Amino acid sequence: MKNIIIILGVVLILITSCTRQFELPVPENLNDVFTEGKIVNKQSPEKEVTNINQNGIYVFSLDAGSEVPQDVTVELPTEGVLSNLISEYNSFKGVSDYYLLSSDYYTFYDTVLRKGSQITDFRLEIKNFNTLPQGNYILPLKISIAGNNIMHLVLIRKDTEFVPISINNKKPMPPGTYACNDRVEPMKLVAYVETNDYDIRNMGQFVLKNSKKPVFDIVVLFAANMNYDAKLGKRVLHFNDKLQAIIKDPEKYIKPLKDRGIMVIIDILPNHHGVGYANFQDYEEALEFAKECKWYTEKLGIDGWDIDEEYADYNVLPSKPVKGIPSYFWFMKAMKEVMPDKLLTLYDYAHPIRATSVDENGKTAIDYIDYSWSDYRRNQTSYAGLPNTRYGKLSIEANSGLSSAQTYSQRNLTDCFGLMMFFNIRGVDIRSGNATTQLSKVTNLFYGEDCVFNGVYHFGPSGQ
Numbered sequence: 024m025k026n027i028i029i030i031l032g033v034v035l036i037l038i039t040s041c042t043r044q045f046e047l048p049v050p051e052n053l054n055d056v057f058t059e060g061k062i063v064n065k066q067s068p069e070k071e072v073t074n075i076n077q078n079g080i081y082v083f084s085l086d087a088g089s090e091v092p093q094d095v096t097v098e099l100p101t102e103g104v105l106s107n108l109i110s111e112y113n114s115f116k117g118v119s120d121y122y123l124l125s126s127d128y129y130t131f132y133d134t135v136l137r138k139g140s141q142i143t144d145f146r147l148e149i150k151n152f153n154t155l156p157q158g159n160y161i162l163p164l165k166i167s168i169a170g171n172n173i174m175h176l177v178l179i180r181k182d183t184e185f186v187p188i189s190i191n192n193k194k195p196m197p198p199g200t201y202a203c204n205d206r207v208e209p210m211k212l213v214a215y216v217e218t219n220d221y222d223i224r225n226m227g228q229f230v231l232k233n234s235k236k237p238v239f240d241i242v243v244l245f246a247a248n249m250n251y252d253a254k255l256g257k258r259v260l261h262f263n264d265k266l267q268a269i270i271k272d273p274e275k276y277i278k279p280l281k282d283r284g285i286m287v288i289i290d291i292l293p294n295h296h297g298v299g300y301a302n303f304q305d306y307e308e309a310l311e312f313a314k315e316c317k318w319y320t321e322k323l324g325i326d327g328w329d330i331d332e333e334y335a336d337y338n339v340l341p342s343k344p345v346k347g348i349p350s351y352f353w354f355m356k357a358m359k360e361v362m363p364d365k366l367l368t369l370y371d372y373a374h375p376i377r378a379t380s381v382d383e384n385g386k387t388a389i390d391y392i393d394y395s396w397s398d399y400r401r402n403q404t405s406y407a408g409l410p411n412t413r414y415g416k417l418s419i420e421a422n423s424g425l426s427s428a429q430t431y432s433q434r435n436l437t438d439c440f441g442l443m444m445f446f447n448i449r450g451v452d453i454r455s456g457n458a459t460t461q462l463s464k465v466t467n468l469f470y471g472e473d474c475v476f477n478g479v480y481h482f483g484p485s486g487q
């Protein structure tokens, strides 16, 4: 009796709605799909994609949608066919760093869907995971039955070595002696990443040499924009084209940082549209915008948002006059109302909030802002009145170099501040080793260990 050969592979199509920018693995040609059929991972049948990060045998269930008229053999296509599918996937994603999983790292156990049957199981074994190089790999699953296709995607992610930080596994306290009675937590290091140029994952690969704990506690994506949508007649959160890879694939870009215990937040930057933090017209408008931020928070799995008052150009939108300090408080209150367990941070620049500023409930910025840091090279305390333990001064503009890192970190330690911020460590400094040399001067002061860059360097959207 003739066997029908089932070939496994994958292609994608973008799924969007008016507000959502995420994708699921579904067939590219909807007219060529056996719509009643499906493949599911029996360990997590609700998942559209199977993510694997360890050795093991994974059992999948193939449901053909109806009984097959003759025996069907389930097997993988040739490596050439699979490679072409990976190329299509990379092209669709706008990236080039998804790779076909080599057969050295898996065994696919062929099976047969018997005549008159509708469902059968097949097994996939992932092996030699410890020797798999760092990277993102795909093993496509596409089943063709009489010209109709059933799809599933297997992603295999291999990270580099690290030890995550947590509330129960913190980095060390500063090894020196400092007269800081209120310092009860390790120093926190903050890294902004200009996402137009660089890949955020690189910040997670700075680790302490001996303990393997991450150097940075907070990574800030710079930046989403606060835009004005004239058709909708309201301000909206906007992610430019360079951010789309992260928005579409948080599992690839954000999760590696989260796995390390790093808090990931997104800077919200006004964008010359006439809307900013100073001209919310009332609390309800701020609340609507905060709810949009919450939607993305949940979809991306991030830890919060950063206030950055620049480039609003309030004069271009006379219909939304500046309200001043009350507007800031409306925004801060709204963000904490809809996301009480998420961070709200403040880049301490170009805003009018002071320690004496209060809202209608008598609350100050301390009640809403978790952490804040100064503008570059500013030797100051918090304008908004945050205690030094939740503030960092003398921030470093790493685009201009890292030579001041040791001096500025020493000042933050000696003067009993709790944080220090680096803006945009350049790829050229990472690849040359200069970044680890300069950061080691900081980490030895803060944690008593050198800094190393552990893993492959990830090139950003601009190729840097």
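If you count the sequence shown from 1, you need to add 23 to reach my numbering.
Ideal Cβ placement from N, Cα and C applies to all residues, glycine included.
Nothing here was measured: the structure is a model prediction, and the numbers come from that model.
Checklist entry - Leaving out five residues before and five after ARG146 in sequence, what residues of the same chain have Cβ atoms less than 6 Å from its Cβ? => result The residues are ILE80, VAL82 and TYR132.
Checklist entry - Taking the C-alpha atoms as reference points, what is the distance between PRO293 and ALA202? => result Their backbone Cα atoms lie some 40 Å apart in a straight line.
Item to check | Cβ separation of MET358 and LEU367, assumed to be a contact under 8 Å, to the nearest whole Å | outcome: Confirmed, Cβ separation roughly 5 Å.
Checklist entry - In terms of DSSP beta bridges, what is TYR480 paired with? => result According to DSSP, TYR480 bridges with nothing at all.
Checklist entry - Where DSSP assigns a beta bridge to GLY79, which residues make up the other side? => result Answer is ILE149.
Checklist entry - By DSSP, does CYS316 sit in helix, in strand, or in coil? => result In this structure, CYS316 counts as helix in the three-state DSSP scheme.
Checklist entry - Would PHE185 pass as a contact of LYS235 if the rule is Cβ separation under 8 Å? => result Against a cut-off of 8 Å, the Cβ pair of LYS235 and PHE185 comes out as a contact.
Checklist entry - From what residue to what residue does the beta strand (DSSP E) around GLU98 run? => result For GLU98, the enclosing beta strand (DSSP E) stretches over residues 95-98.
Checklist entry - Which residues in the same chain have their Cβ closer than 7 Å to the Cβ of LYS346, if we skip the five residues on either side of it in sequence? => result So the qualifying residues of the chain are ALA301, ASN302, PHE303 and GLN304.
Next on the checklist: Helix, strand or coil, according to DSSP, for THR183 in the structure here?
Outcome noted: In the three-state reduction of the DSSP assignment, THR183 falls in the coil class.
Next on the checklist: Considering only DSSP beta bridges, list what GLY158 is partnered with.
Outcome noted: DSSP, once it has assigned bridges, lists LYS181 as partnering GLY158.
Checklist entry - Going by Cα to Cα distance, which pick from ILE389, TYR391 and ASN411 is closest to SER397? => result Distances from the alpha-carbon of SER397 to those of ILE389, TYR391 and ASN411 put ASN411 closest.
Checklist entry - For the putative contact between LEU85 and THR143, defined by C-beta atoms under 8 Å, what is the C-beta separation to the nearest angstrom? => result The beta carbons of LEU85 and THR143 sit about 5 Å from each other, so the pair counts as a contact at 8 Å.
Item to check | N- and C-terminal bounds of the alpha helix (DSSP H) containing PHE354 | outcome: Element bounds for PHE354: 348-361.
Item to check | Inter-stretch contact at 8 Å, needing at least 3 Cβ pairs: the region 203-215 / the region 161-168 | outcome: Output reads no: the region 161-168 does not touch the region 203-215.
Next on the checklist: With distance defined between alpha-carbon atoms, name the residue in PHE354, GLY441, THR404 and TYR337 nearest to GLU315.
Outcome noted: Of the listed residues, the one whose Cα sits closest to GLU315 is PHE354.
Item to check | Through-space distance from ILE179 to PRO279, alpha-carbon basis | outcome: Their Cα atoms are separated by approximately 13 Å.
Checklist entry - Among all the DSSP beta bridges, which residues are the ones paired with GLY415? => result Answer is TRP396.
Checklist entry - For ARG206, which of helix, strand or coil comes out of DSSP? => result Look at ARG206 here: in three-state DSSP terms it is coil, with no helix or strand label.
Item to check | Alpha-carbon spacing of SER395 relative to THR73, whole angstroms | outcome: One C-alpha to the other measures close to 39 Å.
Item to check | Reduced DSSP category for PHE115 - H, G, I as helix; E, B as strand; rest coil | outcome: If DSSP states are grouped into helix, strand and coil, PHE115 belongs with the helices.
Item to check | Rounded separation between GLY324 and ILE285 - CA only | outcome: Looking at the two C-alpha atoms, the distance is approximately 12 Å.
Item to check | LEU37 in three-state terms, based on DSSP | outcome: In this prediction, LEU37 has a pLDDT of 34, which is less than 50 and means its spatial position is unreliable; what the coordinates show is noted afterwards. Coil, per DSSP.
Checklist entry - What is the residue span of the alpha helix (DSSP H) that ASN422 lies within? => result In the DSSP annotation of this structure, ASN422 is not part of any alpha helix (DSSP H), being labelled neither H nor E.
Item to check | First and last residue of the uninterrupted alpha helix (DSSP H) at ASP282 | outcome: Here the alpha helix (DSSP H) through ASP282 covers 278-282.
Checklist entry - Around the C-beta of ASP205, are 16 or more other C-beta atoms found within 10 angstroms, so that it is buried, or is it exposed? => result By the neighbour-count rule (16 or more Cβ atoms within 10 Å), ASP205 is not buried but exposed.
Checklist entry - Leaving out five residues before and five after GLU332 in sequence, what residues of the same chain have Cβ atoms less than 8 Å from its Cβ? => result Cβ within range, chain order: PRO293, GLY299, TYR300, ALA301, TYR370, TYR372, ALA373 and HIS374.
Checklist entry - In terms of DSSP beta bridges, what is SER125 paired with? => result None; SER125 has no bridge partner.
Checklist entry - Could you give the distance in angstroms between the alpha-carbon of SER126 and the alpha-carbon of TYR160? => result Between SER126 and TYR160, the C-alpha separation is close to 12 Å.
Checklist entry - In chain order, what residues of the same chain have a beta carbon less than 7 Å from the beta carbon of GLU472, not counting five sequence neighbours either side? => result The answer, listed in chain order, is LEU231, LYS232, ASN233, SER234 and THR466.
Next on the checklist: Just verifying my parser: in three-state terms, what is the DSSP assignment at MET226?
Outcome noted: Assigned with DSSP and collapsed to three states, MET226 falls in helix.
Item to check | Terminal residues of the beta strand (DSSP E) in which ARG258 lies | outcome: 257-261 is the span of the beta strand (DSSP E), which, as asked, contains ARG258.
Next on the checklist: Suppose you measure from the CA of THR404 to the CA of TYR414; what does that come to, to the nearest Å?
Outcome noted: If I take the Cα positions, the gap works out to 8 Å.
Next on the checklist: Please state the DSSP three-state secondary structure of TYR372.
Outcome noted: Correct three-state label for TYR372: coil.
Item to check | Beta-carbon spacing of LEU136, VAL95 below 8 Å | outcome: If you check the CB distance, LEU136 and VAL95 come in under 8 Å.
Checklist entry - Going by Cα to Cα distance, which pick from TYR391, TYR129, TYR470 and GLN77 is closest to LEU442? => result Comparing Cα positions, the closest option is TYR470.
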